[in-house]
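Under our numbering, think of the first position of the sequence shown as 108, with each following residue one higher. For glycine and all other residues, C-beta sits at the position ideal for the given N, C-alpha and C.
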Amino acid sequence: MSRDYHSTELIGRLAADPVVNYTQSNGTPIARLKVLVNEQWKDQGGKEQKHVESYAVITFNGQAEACGNYLSTGRRIFVRGRNRTRSYEKDGIKRWVTELIADTVVFLDGPKSGDQEQRPVPGKPQPTDNNSITDDDVPFEHGPRSA
């Protein structure tokens, strides 16, 4: 039997500093990134058009800590992963959000001048296996993706 497969790749810039949290059950690091991808093209009339797409990116373990330590707003990154859609309830309303669960995050440029090379991540626990993470462990605080 063959298996289905999907992969998403993007190159963009961080809209904000990464947010690193830890699961309550076993202390697994989880980083949330907001990545903006700018598209530019010329329409049929030759007028330049622009569109910005926003992606919620989630990464785990050592990769999450590296993102928290070394990335900051405006940094350019490459991300490869798989899309995951989940639902949650807020104020009695069921909401849906699609996130990119990153398998790979590559830092494409160095820090802006004046940025620290490494930022401390508070409460760094021991690395753990992310196979034991449940949806209840993930500290999501954002709603649906917006541009």
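A209 and Y112 have their C-alpha atoms roughly 15 Å apart. For A173, the enclosing alpha helix (DSSP H) stretches over residues 168 to 177. Cβ-Cβ separation between G181 and R120: approximately 6 Å, consistent with a contact (criterion under 8 Å). Comparing alpha-carbon positions, the option among L117, N133, S114 lying closest to N168 turns out to be N133. A distance below 8 Å separates the beta carbons of I165 and E206.
For the 8 Å CB-CB criterion, K141 and A122 form a contact.
Shown here for R191: same chain residues with a beta carbon closer than 6 Å to its own, the five before and five after excluded, namely E206, I208 in chain order.
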